[in-house]
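Trainee:
Chains as they are written, first to last, in our numbering: chain Z, 5 to 398; chain S, 5 to 398.
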């Protein structure tokens with residue numbers, strides 16, 4: 005009866021969301037999810053916001069609103085981006101349903117069937133799935149401890165000079181936790197300008213820097229309007245409201261806005277006002293500091309436990325921010341087998357293969373260190389260490 | 005620098021949203037918008053919901069949630085659809101960001117370039133724009149006072165037996181206000197089964213029936229799973245929360261859900277809970293009765309004013325529900341000219357051409373009777389009548 009479009013075959017379930025169904029037992033110590041720690045959501049404050057908002061704005065708070073997003077929210081975002089040396093005004097900003105929607109729109113705006121796009125190898129599953137529906141050829145560029153390798157990026161651009169964009173998560177990357185060094189950020193921008201291939205910079209973890217310095221996004225070095233920046237409140241306030249944003253040159257924002265108009269008219273009015281009201285009324289920066297303090301402690305606890313519990317031939321990243329540690333086993337070891345063994349011991353993580361555009365690397369996995377308390381982190385890593393010792397030849 | 009996809013050229017601004025920018029002067033009596041009357045939004049109740057919700061659910065209210073939507077909300081929708089003789093469970097339902105997202109997903113799921121889709125002539129601009137991005141051939145079928153003409157639909161199906169779907173707004177249609185008669189609803193379903201072309205039934209105004217009878221949707225007659233139904237809380241509660249739903253066979257819902265996952269992960273968690281909490285705690289049916297009482301009064305006022313103020317050679321529909329009246333002038337008269345003259349008199353409406361897939365009818369316009377109070381309706385129609393008398397040859 006139903007005669008679907010050809011693209012229907014390209015729509016794949018997210019491996020993470022499929023695994024999540026296996027991990028619903030609350031006894032499982034889960035390092036699998038991509039969720040922030042809910043105990044830090046500012047519940048008492050959020051509970052009262054809609055009362056303030058509706059008293060102040062009346063029916064406007066529940067009515068249709070502009071496709072671009074509320075001016076007040078866009079102004080706040082423009083102002084907050086200044087500390088990261090990103091210069092923009094509200095006219096450069098479109099509010100989206102989380103930055104996932106920015107990814108989907110980017111695919112729609114740029115990718116024709118067969119086009120090449122370039123990303124880190126590995127990269128964020130949700131982005132790969134958002135792009136795949138447009139049937140691109142995805143070329144992964146290797147990473148080291150300083151992020152995407154620029155020599156390999158240049159080779160890829162030479163080979164595919166018509167690539168549509170470079171997709172990168174430069175700071176505290178999902179899944180590796182690795183940060184692109186400031187030098188490489190500038191090199192990437194130069195290559196982007198030289199080859200006339202724009203950069204889509206996805207930076208949801210930017211503010212979750214555990215050190216005292218500021219991590220400047222690629223967009224901060226951009227003088228030619230080559231970088232499309234995606235931001236989000238999901239990791240610094242809460243993800244359930246689904247509020248993210250795109251920063252781009254006006255002409256590009258106009259095109260994203262027309263897509264948004266045809267797709268869902270506009271983002272939730274009340275929730276946009278909730279973000280404005282929260283930031284105006286409370287100490288948002290203080291709240292982010294609390295998040296960073298908790299996440300830093302949990303990262304330290306996990307790294308320390310891994311140091312003492314994991315076998316010597318296992319390697320992992322040491323993230324300076326964000327939510328994830330990336331573990332690399334010997335090449336002969338299959339992380340999905342380890343996942344199954346670990347699940348018997350009631351510990352979970354995400355096997356790494358689906359983060360690779362080609363799916364051809366099977367000896368890695370991702371750990372989320374932010375959602376479990378310290379005791380569970382220590383216990384979980386201990387159990388995982390035992391599984392690894394049994395399964396990995398030392 | 006930016007090398008867009010081919011589909012970028014297909015993304016058109018909504019004529020309504022463009023006109024809206026001309027009509028921002030609050031002195032203008034506007035019958036143009038598609039907005040519900042904000043004075044009926046249940047503000048005191050909505051203001052307190054998030055407090056109740058966060059007390060009850062804690063961090064869960066602000067966390068990521070299931071792509072399908074909250075089970076509680078889907079159960080409420082399934083229960084409420086029973087009174088309209090639509091049998092479904094939560095497994096047949098996907099929650100969307102307003103029914104506009106259901107339209108965009110339908111285009112994505114079904115339309116390949118060049119495919120034929122069938123709709124009413126005229127039809128909802130937002131749907132046409134959501135579909136156009138996939139480059140279909142859109143075939144409009146004429147309407148009369150009982151909705152889409154079934155003889156013409158059958159001819160169209162004979163000519164295009166591979167059409168991907170029939171898109172219809174059967175009850176209190178946007179833009180005409182016309183309702184497809186029960187006979188025709190059943191005929192449309194039979195034709196759909198005979199030609200194996202599914203129906204996408206968009207029914208946001210279903211509950212805004214001003215008479216005492218129930219308007220049964222096409223989905224209520226559907227025993228074979230041929231009808232994909234789109235519903236919304238935008239017109240019965242408020243549009244700002246962007247909560248709509250799709251009802252379809254499980255296998256179809258699964259496909260829509262995978263699209264949703266890749267596009268924006270899930271719908272706003274807190275807002276879904278707000279709808280659940282509102283319906284559980286307050287008298288939603290009583291609220292809908294209030295809306296209908298106000299809209300019925302305003303419809304009556306507008307129809308009466310039109311009767312006394314409009315020239316004799318102007319025709320219009322008499323809607324039994326919903327929000328719109330459709331006005332047809334003599335064929336030689338251009339409604340956009342009338343719009344410009346009316347704007348000088350500070351009255352606005354939407355010229356009808358952009359509601360036609362071919363854009364080839366220029367002597368119609370749409371009036372929204374729900375957002376202006378009775379005094380402004382009377383005054384606006386009087387001014388509009390004067391413009392018409394001057395511009396239309398009697």
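C-beta: ideal position from N, C-alpha, C; glycine also.
#1: What residues are listed by DSSP as bridge partners for residue 145 (chain S)?
#2: Residue 376 (chain S) CB to nearest chain Z CB: under 8 Å?
#3: If you run the structure through DSSP and keep just helix, strand and coil, what is residue 314 (chain Z)?
#4: With a Cβ-Cβ cutoff of 8 Å, do residue 325 (chain Z) and residue 175 (chain Z) count as a contact?
#5: Determine, using beta carbons only, whether residue 196 (chain Z) and residue 170 (chain Z) come nearer to each other than 8 Å.
#6: Quick one: measure Cβ to Cβ for residue 244 (chain S) and residue 66 (chain Z), integer angstroms, because I've assumed they're closer than 8 Å.
#7: Can the beta-carbon of residue 144 (chain Z) be found closer than 8 Å to that of residue 361 (chain Z)?
#8: On the three-state DSSP scale, how would you describe residue 116 (chain Z)?
#9: Residue 191 (chain S) bridges to which residues according to DSSP?
#10: If you check the beta carbons only, do residue 342 (chain Z) and residue 382 (chain Z) fall under 8 Å apart?
#11: Ordered along the chain, which non-local residues of its own chain (more than five positions away) have a Cβ less than 7 Å from that of residue 314 (chain S)?
#12: In chain S, which residues lie less than 8 Å from residue 192 (chain Z) when you measure between Cβ atoms?
#13: Could you name the residues that DSSP lists as bridge partners for residue 236 (chain Z)?
#14: Count the other CB atoms, across all protein chains shown, that sit within 10 Å of the CB of residue 239 (chain S); report buried if there are 16 or more and exposed otherwise.
#15: Name, please, each residue of chain Z whose Cβ falls closer than 7 Å to the Cβ of residue 145 (chain S).
#16: Using three-state DSSP, classify residue 33 (chain Z) as helix, strand or coil.
#17: Find the nearest neighbour of residue 234 (chain Z) within the set Z:376, Z:374, Z:105, Z:378, judged by alpha-carbon distance.
#18: Reducing DSSP to helix, strand and coil, say where residue 171 (chain Z) ends up.
#19: So, using beta-carbon positions, are residue 78 (chain S) and residue 99 (chain S) closer together than 8 Å?
#20: Look at residue 52 (chain S) and residue 227 (chain Z) and say whether their C-beta atoms are less than 8 Å apart.
#21: If I follow the unbroken beta strand (DSSP E) through residue 380 (chain S), where does it start and stop?
#22: Give me the chain S residues within the contact set of residue 153 (chain Z), using Cβ-Cβ distance strictly less than 7 Å, ordered along the chain.
#23: For residue 115 (chain S), go through chain Z and note every residue whose CB falls closer than 8 Å to its CB, in chain order.
#24: What's the gap between the Cα of residue 72 (chain Z) and the Cα of residue 90 (chain Z)?
#25: Taking residue 214 (chain S) as the reference, give the member of S:294, S:173, S:179 with the closest Cα.
#26: With DSSP run on the structure shown, which of helix, strand or coil describes residue 256 (chain S)?
#27: Taking the C-alpha atoms as reference points, what is the distance between residue 333 (chain Z) and residue 365 (chain Z)?
#28: Any chance the stretch 135-153 of chain Z sits against the stretch 106-126 of chain Z, with 3 or more Cβ pairs inside 8 Å?
#29: Would residue 137 (chain S) count as contacting chain Z if we go by Cβ distances under 8 Å?
#30: Anyone know if the C-beta pair for residue 80 (chain Z) and residue 249 (chain Z) falls short of 8 Å?
#31: Residue 247 (chain Z) and residue 237 (chain Z) look like a contact to me (Cβ under 8 Å); what is the Cβ gap, rounded to whole Å?
#32: Can you tell me where the alpha helix (DSSP H) with residue 74 (chain S) in it begins and where it stops?
#33: I'd like to know whether the C-beta atoms of residue 173 (chain Z) and residue 206 (chain Z) end up nearer to each other than 8 Å.
#34: From the DSSP output, in three-state form, read off residue 352 (chain S) for me.
#35: Using 8 Å for Cβ pairs, my map puts residue 17 (chain S) next to residue 28 (chain Z). What's the rounded Cβ distance?
#36: Going straight from the alpha carbon of residue 128 (chain S) to that of residue 178 (chain S), what length do you get?
Mentor: Straight from the coordinates:
#1: Within the second chain, residue 145 (chain S) is the residue found at index 141, counting from 1. Partner(s): S:124.
#2: By 1-based counting over the second chain, the position of residue 376 (chain S) is 372. So, not an interface residue.
#3: As a first step, residue 314 (chain Z) must be located in the first chain, where it is residue number 310. Of the three classes helix, strand and coil, the one that applies to residue 314 (chain Z) here is coil, per DSSP.
#4: Start at 1 with the first residue of the first chain, and residue 325 (chain Z) comes out as number 321. Start at 1 with the first residue of the first chain, and residue 175 (chain Z) comes out as number 171. Note that the C-beta distance between residue 325 (chain Z) and residue 175 (chain Z) is below 8 Å.
#5: Within the first chain, numbered from 1, the residue matching residue 196 (chain Z) stands at position 192. Within the first chain, numbered from 1, the residue matching residue 170 (chain Z) stands at position 166. Yes, the pair counts as a contact, with Cβ atoms nearer than the cut-off.
#6: Counting from 1 along the second chain, the entry for residue 244 (chain S) is found at position 240. Counting from 1 along the first chain, the entry for residue 66 (chain Z) is found at position 62. About 4 Å separates the two Cβ atoms, so the contact holds.
#7: The sequence position of residue 144 (chain Z) within the first chain is 140, counting from 1. The sequence position of residue 361 (chain Z) within the first chain is 357, counting from 1. Yes, the pair counts as a contact, with Cβ atoms nearer than the cut-off.
#8: Looking up residue 116 (chain Z) in the first chain gives position 112. Three-state result, residue 116 (chain Z): coil.
#9: Taking the first residue of the second chain as position 1, residue 191 (chain S) is located at position 187. Looking at the DSSP output, residue 191 (chain S) sits in no beta bridge, so it has no partner there.
#10: As a first step, residue 342 (chain Z) must be located in the first chain, where it is residue number 338. As a first step, residue 382 (chain Z) must be located in the first chain, where it is residue number 378. Result no, Cβ atoms of residue 342 (chain Z) and residue 382 (chain Z) do not sit closer than 8 Å.
#11: Start at 1 with the first residue of the second chain, and residue 314 (chain S) comes out as number 310. Counting only Cβ-Cβ distances below 7 Å, and skipping sequence neighbours, we find 389, 392.
#12: Taking the first residue of the first chain as 1, we reach residue 192 (chain Z) at position 188. Scanning chain S for C-beta atoms nearer than 8 Å to the C-beta of residue 192 (chain Z) yields nothing, as the closest lies near 15 Å away.
#13: Here residue 236 (chain Z) refers to the residue found at position 232 when the first chain is read from its first residue. In the DSSP output, where bridge partners are listed per residue, residue 236 (chain Z) has Z:248.
#14: Indexing the second chain from 1 puts residue 239 (chain S) at position 235. Classified as buried, residue 239 (chain S) has 16 or more neighbouring CB atoms from the shown chains inside 10 Å of its CB.
#15: Mapped onto the second chain, residue 145 (chain S) falls at position 141. Per Cβ cutoff of 7 Å: no residues; residue 145 (chain S) is ~20 Å from chain Z at best.
#16: By one-based count along the first chain, residue 33 (chain Z) stands at place 29. Three-state DSSP puts residue 33 (chain Z) in a strand.
#17: Taking the first chain and counting its residues from 1, one reaches residue 234 (chain Z) at position 230. Residue Z:105 is the option with its Cα nearest to residue 234 (chain Z).
#18: Counting from 1 along the first chain, the entry for residue 171 (chain Z) is found at position 167. Strand.
#19: Indexing the second chain from 1 puts residue 78 (chain S) at position 74. Indexing the second chain from 1 puts residue 99 (chain S) at position 95. One thing to note: residue 78 (chain S) has its Cβ within 8 Å of the Cβ of residue 99 (chain S).
#20: Translated into the one-based positions of the second chain, residue 52 (chain S) becomes position 48. Translated into the one-based positions of the first chain, residue 227 (chain Z) becomes position 223. No; because the gap between Cβ atoms is not below 8 Å, this pair is not in contact.
#21: Here residue 380 (chain S) corresponds to residue number 376 of the second chain, with the count starting at 1. No beta strand (DSSP E) contains residue 380 (chain S), which is instead part of the alpha helix (DSSP H) from 378-395.
#22: The residue labelled residue 153 (chain Z) in the question sits at position 149 within the first chain. Chain S residues near residue 153 (chain Z): none, gap ~24 Å exceeds 7 Å.
#23: Working through the second chain from its first residue, we reach residue 115 (chain S) at position 111. Here the neighbours are 9.
#24: Here residue 72 (chain Z) is taken as the residue at index 68 of the first chain, counted from 1. Here residue 90 (chain Z) is taken as the residue at index 86 of the first chain, counted from 1. Taking the straight line joining both Cα atoms gives about 19 Å.
#25: The residue labelled residue 214 (chain S) in the question sits at position 210 within the second chain. That would be S:294, whose Cα lies nearest to the Cα of residue 214 (chain S).
#26: What you label residue 256 (chain S) is simply residue 252 of the second chain in a count that begins at 1. Residue 256 (chain S): helix per DSSP, three-state reduction.
#27: Numbered from its first residue, the first chain carries residue 333 (chain Z) at position 329. Numbered from its first residue, the first chain carries residue 365 (chain Z) at position 361. In this structure, the straight-line span from the alpha carbon of residue 333 (chain Z) to that of residue 365 (chain Z) is close to 11 Å.
#28: Yes, the stretch 135-153 of chain Z touches the stretch 106-126 of chain Z.
#29: Taking the second chain and counting its residues from 1, one reaches residue 137 (chain S) at position 133. True, the Cβ-Cβ gap to chain Z drops below 8 Å.
#30: Translated into positions along the first chain, residue 80 (chain Z) becomes position 76. Translated into positions along the first chain, residue 249 (chain Z) becomes position 245. It is not a contact, given that the beta carbons lie outside the stated cut-off.
#31: For the purposes of this step, residue 247 (chain Z) is taken as residue 243 along the first chain, with counting starting at 1. For the purposes of this step, residue 237 (chain Z) is taken as residue 233 along the first chain, with counting starting at 1. Taking C-beta atoms under 8 Å as the contact rule, residue 247 (chain Z) and residue 237 (chain Z) qualify, at a distance of about 5 Å.
#32: As a working note, residue 74 (chain S) is residue 70 in the second chain. That residue, residue 74 (chain S), is in no alpha helix (DSSP H); it is neither H nor E in DSSP.
#33: One-based indexing of the first chain puts residue 173 (chain Z) at position 169. One-based indexing of the first chain puts residue 206 (chain Z) at position 202. In contact: residue 173 (chain Z) and residue 206 (chain Z) (Cβ atoms closer than 8 Å).
#34: Working through the second chain from its first residue, we reach residue 352 (chain S) at position 348. Of the three classes helix, strand and coil, the one that applies to residue 352 (chain S) here is strand, per DSSP.
#35: The residue you call residue 17 (chain S) lines up with position 13 of the second chain. The residue you call residue 28 (chain Z) lines up with position 24 of the first chain. Not quite, the Cβ-Cβ distance comes to about 44 Å (not below 8 Å), so this is no contact.
#36: What you label residue 128 (chain S) is simply residue 124 of the second chain in a count that begins at 1. What you label residue 178 (chain S) is simply residue 174 of the second chain in a count that begins at 1. C-alpha separation (whole angstroms): 6 Å.
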